[in-house]
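First residue of the sequence shown? That's 1 in full-length UniProt numbering, and the numbers climb one at a time after it.
Where is the CB? At the ideal position from N, CA and C, for every residue including glycine.
Remember, predicted model here, so these are calculated numbers, not experimental data.
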Amino acid sequence: MEDLNYPYAVKKVTLSNQVTIAYADEGAGKETLIFVHGLGSYLPAWKKVIDELRQDYRCIAIDLPGYGKSGKGDWTYDMAFFADCIDGLVKKLKIRKASLVGHSMGGQISMTLALRQPKWLQKMVLLAPAGFETFTEQDRTWFGQYVSAPILKATPTEQIERNFHVNFFGAKMPDDARFMYEDRLFMRETREYDHYCGMIPKCVQGMLQQPVYERLGEITKPTLILYGNDDLLIPNRILHPTLKVATVAQSGQQRIPHSQLVMVPQCGHFVLWDGAKTVAASIRTFFSTK
């Protein structure tokens, strides 16, 4: 996906496990923030938040392995694998202290890493994180049936567009976010799309098979949690039709000892886009308090 236009200069580093990570390194400041995107996303999704923070923070946004401009391979693509790679990146870049900012699946990856208590981790920001909503074995079977490589590959353009819309407030993708959808359509025409369609089910199963909910009480670092009040993806509307996003958010937040929760009005699952200014302001406040 080297042909994709990114808003920032992209650097690459190869880790000891031979995974190549593409990342942007913007801004400077006392705090280093590592931005971890969600399922089916990539580092440009952080543009609005980074543009609000780069004046005062060092912002490192990554393409997770298998995504965007990072390396592709026959890897497990589970939470432990992604956590290994982020930990490896921090060490490779010789970053002594950093905090994690994770969205959706990136939030669950961040929690997976925080549970290992790496010496470099300072704080954690979770935006609409996966991992607070819990799933049964029956639920996992449902995901296995409906999230498969053949189904993803056969998804028509109109459905892909609808899937993007539902990420945003009011199920309407803003005009300035359409590049994400257009980049997906571009990727469909490349050889890498087969890899992408095979990877997504592995990521989904990785989230289901490596849950963090029962271990949230072991997270020791100060944690800021933000959810959009109008998230249409969490909770899952098919499996948990009566569950409310605020209930999911509170159930996770109450388990993490040094945590605080902000519910952001008029924001969907992509709270990092719909509510970028609120997210950035909340991050500033969070890092200004000891």
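Query                                                                                                 : Result
Secondary structure of His-165, DSSP reduced to three states                                          : helix
Bridge-paired residues (DSSP) for Arg-58                                                              : Thr-32
Cβ-Cβ distance between Gly-268 and Phe-169 below 8 Å                                                  : yes
For Leu-233, the residue or residues it bridges with in DSSP                                          : In the DSSP output, where bridge partners are listed per residue, Leu-233 has none listed.
Buried or exposed by the 16-neighbour rule on C-beta atoms within 10 Å, applied to His-258            : exposed
Minimum Cβ-Cβ distance from Thr-278 to chain D less than 8 Å                                          : The chain labelled as chain D is not found in the depicted structure, where only one protein chain is given.
Val-10 versus Met-199: straight-line alpha-carbon distance, rounded                                   : 23 Å
Ala-130 beta carbon less than 8 Å from that of Gly-68                                                 : no
Anticipated Cβ contact below 8 Å, Gly-39 with Ser-104, distance rounded                               : The amino acid occupying residue 39 in the given sequence is Leu; Gly does not appear at that position. Indeed, because the Cβ distance is near 6 Å, the residues count as touching under 8 Å.
Pairwise C-alpha distance: Asp-194 and Trp-75                                                         : 14 Å
Among Leu-233, Gln-138 and Gln-260, the one whose alpha carbon lies nearest that of Phe-164           : Leu-233
Per-residue burial, residue 292 [other beta carbons within 10 Å of its own, 16 or more giving buried] : Within the shown structure, residues of the chain are numbered from 1 to 290, placing residue 292 beyond reach of any answer.
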